[in-house]
Each structure stands twice: as C-alpha cells, then as structure tokens.
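Engineer: Before anything else, here's the structure in question.
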Amino acid sequence: FTVYVEISDRIKDLVRVEEPVATLLYHAYARADKNIIGVESLKGYRVAYRRGIDWIDKTAIKQGANEIIPLDSAQSCLQFILIDRADFYIDTTFIVEPLLRNEEFKDKSIVKSNKPIAFRNVYTVFHKDYSHYAIDFNNALKKIKKSEYFAETMEKAFQ
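Using our numbering, the first residue of the sequence shown is number 87, and each one after it goes up by one.
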C-alpha cells in the first residue's frame, strides 16, 4: 500500500520503497467571495481539513490559523465552507475536484488557490518480511514512471 513518509517511519515493520509513487498537490479551497486565489498564509483564518491528515494541523498551527477544524469527510469540509463555518478547506485536488463536479457542490462558487499549499510524496511500503521485493519494485517503478502512459495516468488522477 502507499503512505506518507512519516507513517512509514513510525511503523517499524515497514520498509519504504525509495521512489515515490506520486506527488499529491494540496490546495486551499474557499467560497469565491473569500478571495483566496493567492493565499500565502493561514494566519487569522479558520481552516478545515479531513481528520487524520496530521501535517495540515501542524502547518496551520505554525502559520497562525485562528481555528483548526478536523472533520470526518471532504463533503463535510466543503459544507463548512458553504455555511461560513470555515474560511479554507485544505486537501488534495484528486479528492476535492470530483466532488466539486457533483450536483451538491457544482454551482456553489467554491474556488481553489492558484498555488498549492503543499506537495506531499506518497510511497509504497512492504512488510519487513518482504523487504526483498522493495528493490525490485523500486526499479520497476522508476522504469514505469519514464513511460508516457504513466505520466498521463498520474496527471489525470492527481492533478
């Protein structure tokens, strides 16, 4: 399976493959009237995020967010934006963009920041008992990533 580097480092029985599978882009989303297009700081804002994404919590605290709101789903975060209980919702484009095309959010004027708030690599991990597969998997992943098909597929999935 794939994980962030912090998770693979915390679980002693996992061996992380060196090559990242993908780089996820995290953007700030808000109602159009919040004018977040060029957001540089979270200082003074109410920031919603999906529960369990610890680094967002830590980043928001460092940047001086006024309130940090962990919620259980992307839909809940978007609803908090719409009812003005949060100024920003931070998440990956591949989670949020499909939701914004759904009927519930389609014409609600939710926009994303021009620049990503963060980039996060995700890695494949193996249990230590199967660590011998990690080297072969790493080499195969590097080879596959050079193909045009892989690049197109990842762009469609994660951008």
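Note that CB positions come from ideal geometry on N, CA and C, so glycine has one too.
All values derive from a computational prediction rather than experimental measurement.
(1) For Lys198, which residues of its own chain have a beta-carbon under 6 Å away from its beta-carbon, when the five flanking residues on both sides are left out?
(2) For Val197, write down the residues that DSSP places opposite it in a beta bridge.
(3) I'd like to know whether the C-beta atoms of Ile181 and Ala204 end up nearer to each other than 8 Å.
(4) Taking the continuous beta strand (DSSP E) assigned at Asp140, which residues delimit it?
(5) For Ser162, tell me which candidate among Gln149, Asp99, Ile176, Lys232 has the shortest Cα-Cα distance.
(6) Assuming Asn224 contacts Val103 under a Cβ cut-off of 8 Å, what Cβ separation, rounded to an integer in Å, is found between them?
(7) Between the alpha carbons of Ile155 and Glu189, how many angstroms are there, rounded?
(8) On a CA-only basis, which of Leu227, Arg171, Val211 is nearest Lys98? Give me that one, please.
(9) Taking a contact to mean a Cβ-Cβ separation below 8 Å, would you say Leu164 touches Leu185 in this structure?
(10) Could you check the C-alpha separation between Trp141 and Lys148 for me, to the nearest Å?
(11) Report the start-end ranges of each beta strand (DSSP E) in the stretch 158-189 that is 3 residues or longer and not cut off at the edges.
(12) Measure the beta-carbon distance from Ile221 to Arg117 and round it to whole angstroms, keeping in mind my assumption that it falls under 8 Å.
(13) Within the continuous beta strand (DSSP E) that includes Asn152, where are the two ends?
(14) According to DSSP, is Leu111 part of a helix, a strand, or is it coil?
Structural biologist: With the structure as the only source:
(1) Cβ within range, chain order: His113, Tyr115.
(2) DSSP, once it has assigned bridges, lists Ala116 as partnering Val197.
(3) In this structure, Ile181 lies away from Ala204, with their beta-carbon atoms at least 8 Å apart.
(4) Not the beta strand (DSSP E): Asp140 falls in the alpha helix (DSSP H), residues 140-148.
(5) Ranking Gln149, Asp99, Ile176, Lys232 by CA distance to the CA of Ser162 puts Ile176 first.
(6) Contact flag correct, Cβ pair sits at about 5 Å.
(7) Each residue's alpha carbon lies about 25 Å from the other.
(8) Nearest Cα to Lys98 within the set Leu227, Arg171, Val211: Val211.
(9) Cβ distance < 8 Å, so Leu164 and Leu185 count as in contact.
(10) Each residue's alpha carbon lies about 10 Å from the other.
(11) Whole beta strand (DSSP E) segments, 3+ residues: 174-178.
(12) In fact, because the Cβ distance is near 48 Å, the residues do not count as touching under 8 Å.
(13) Careful: Asn152 lies outside any beta strand (DSSP E) and carries neither H nor E.
(14) In this structure, DSSP gives Leu111 an extended state, which the three-state scheme calls strand.
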